[in-house]
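Q: One structure, pasted below without further comment.
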Ligand code: F6P
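Numbering (the numbering used here), first residue to last: 330 to 670.
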């Protein structure tokens, strides 16, 4: 049987570990052949493939990115997108697809499943905002990178008596900001789930300066001020209608300087958080997801996604994972608030 594999959305440390595990189990245990589709949903749309056998996955476990390439192509935004995908699968004799992705890629997979395409999902995102799974791989690596960056920025903040703002990823969910901010002792953490009060932020900054210790503000890129109290730049949209974010850190720095008279600088971590080698925990989780995904294909568990519950890998309907995003619970945020100011 021939199985297609694709990776969609933003790249994420651990994608190669999933691909490797799928092939390393699927070939000897189930005698499957694999077709790698390039660049997310663009692959099956345009018939772009890559050989995917055991030699092709040797040595990729510690490598970041994805050997298959990725894109944010949305086949449902193209008139005959679904028909073209069906035709490619038919022509290549591909009986089922393993789609590795976040909310958008798995949202497409869920819709294709409803239209009769055989698909199994694997959740990935550094943002950790997919429902149905306790964690996604990539998150641990991103939090580690952000924490290390914030630790390093402390020395500049202290030496130059500056407020430093660190903008991390997280469009709708503040998981990276919360975890890295807590791990690095941030002065205040700002997340998309809870609109912030810039007056309060400035009070925290001033109180931290009074203790002779420089403030570090960790802000998720999707965080917003309360009641439109600050101007924010509008961004372009991608094929799934998401605005390209970035800039909240700069706006906050500007407001802090204006309101407190202290120097404030911003560091935008951006794609550094998604780059490079995955942490050992992400390699472990991604490998287990790959092993369980190919078992799900063997069991014909179409429309299901592998997910972590505690230490078990289970299966959940793709729709459970994609209907609502998993956002930060206010009670968790309240735990972190103890350390603000
Ligand atoms: O979904 C993962 C993510 O890293 C988001 O946190 C971020 O908003 C987005 O991708 C950025 O995507 P791109 O690299 O396409 O600009």
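Here a beta-carbon is modelled for each residue, glycine too, at the ideal position from N, C-alpha and C.
Is the beta carbon of residue 530 sitting closer than 7 Å to the one on residue 517?
A: Their beta carbons are under 7 Å apart, which means residue 530 touches residue 517 by this criterion.
Q: Cβ atoms of residue 434 and residue 636: under 7 Å apart, would you say?
A: Cβ distance not < 7 Å, so residue 636 and residue 434 don't count as in contact.
Q: Hey, would you say residue 338 sits closer than 7 Å to residue 431, going by beta carbons?
A: yes
Q: Quick test of the definition: if touching needs 3 or more C-beta pairs under 8 Å, does the segment 622-637 touch the segment 441-461?
A: yes
Q: May I ask you to verify whether the segment 348-368 touches the segment 395-404, counting CB pairs closer than 8 Å and requiring at least 3?
A: yes
Q: At a threshold of 6 Å, does residue 500 count as lining ligand 1 (C-beta to nearest heavy atom)?
A: Distances from the CB of residue 500 to the heavy atoms of ligand 1 include at least one below 6 Å.
Q: Compare the Cα-Cα distances from residue 393 to each of 349, 359, 477 and report the closest residue.
A: 349
Q: CB residue 662 to CB residue 545, shorter than 7 Å?
A: no
Q: Please classify residue 511: does DSSP put it in a helix, a strand, or coil?
A: Helix at residue 511.
Q: Around the Cβ of residue 652, are there at least 16 other Cβ atoms within 10 angstroms (buried) or fewer (exposed)?
A: exposed
Q: Less than 7 Å separating the beta-carbons of residue 428 and residue 332?
A: no
Q: Helix, strand or coil for residue 290, going by three-state DSSP, please let me know.
A: Lying outside 330 to 670, the shown extent of the chain, residue 290 is not represented and no answer is given.
Q: Residue 480 to residue 407, Cα distance in whole Å?
A: 45 Å
Q: Only counting runs of 4 or more residues, tell me where the alpha helix (DSSP H) segments fall wholly within the segment 410-453, in order along the chain.
A: 410-421, 432-443
Q: Take the Cβ of residue 671 as the centre, count every other Cβ of all protein chains shown within 10 Å, and call the residue buried at 16 or more, exposed below.
A: Coverage of the chain is limited to positions 330 through 670, which leaves residue 671 absent and any answer about it impossible.
Q: When the Cβ atoms of the segment 604-618 are set against those of the segment 467-475, are three or more pairs found closer than 8 Å?
A: With a cut-off of 8 Å, the segment 467-475 and the segment 604-618 count as touching, because enough Cβ pairs lie within range.
Q: At a threshold of 6 Å, does residue 671 count as lining ligand 1 (C-beta to nearest heavy atom)?
A: With the chain covering only 330 through 670, there is no way to say anything about residue 671.
Q: According to DSSP, residue 641 sits in a beta bridge with which residue or residues?
A: 638
Q: Might you give, ordered along the chain, the residues of its own chain that have their beta carbon closer than 6 Å to the beta carbon of residue 417, omitting 5 neighbours on each side?
A: 373, 376
Q: Quick check on DSSP: helix, strand or coil for residue 380?
A: It is a strand residue.
Q: Beta-carbon within less than 7 Å of residue 509's beta-carbon, same chain only, minus the 5 sequence neighbours each way: which residues are those?
A: 472, 475, 476, 479, 497, 547
Q: To the nearest whole angstrom, what separates the beta carbons of residue 494 and residue 595, a pair I think is in contact under 8 Å?
A: 4 Å
Q: Please report how far the alpha carbon of residue 552 lies from the alpha carbon of residue 654, in whole angstroms.
A: 16 Å
Q: Tell me, to the nearest whole angstrom, how far the beta carbon of residue 611 is from that of residue 391; I am working on the premise that it is less than 8 Å.
A: With a Cβ gap of about 10 Å, residue 611 and residue 391 do not count as contacting.
Q: If you check the beta carbons only, do residue 621 and residue 642 fall under 7 Å apart?
A: yes
Q: At what residues does the alpha helix (DSSP H) containing residue 623 begin and finish?
A: 609-627
Q: To the nearest angstrom, report how far apart residue 536 and residue 457 are at their CA atoms.
A: 32 Å
Q: Would you tell me roughly how many angstroms separate the C-alpha atoms of residue 568 and residue 402, rounded to the nearest one?
A: 6 Å
Q: Starting from residue 394, trace the alpha helix (DSSP H) in both directions and tell me its first and last residue.
A: From DSSP, residue 394 is part of no alpha helix (DSSP H); its letter is neither H nor E.
Q: Using a threshold of 7 Å, state whether the C-beta atoms of residue 466 and residue 335 are closer than that.
A: no
Q: Measuring CA to CA, which of 577, 381, 659 is closest to residue 550?
A: 577
Q: Reducing DSSP to helix, strand and coil, say where residue 546 ends up.
A: strand
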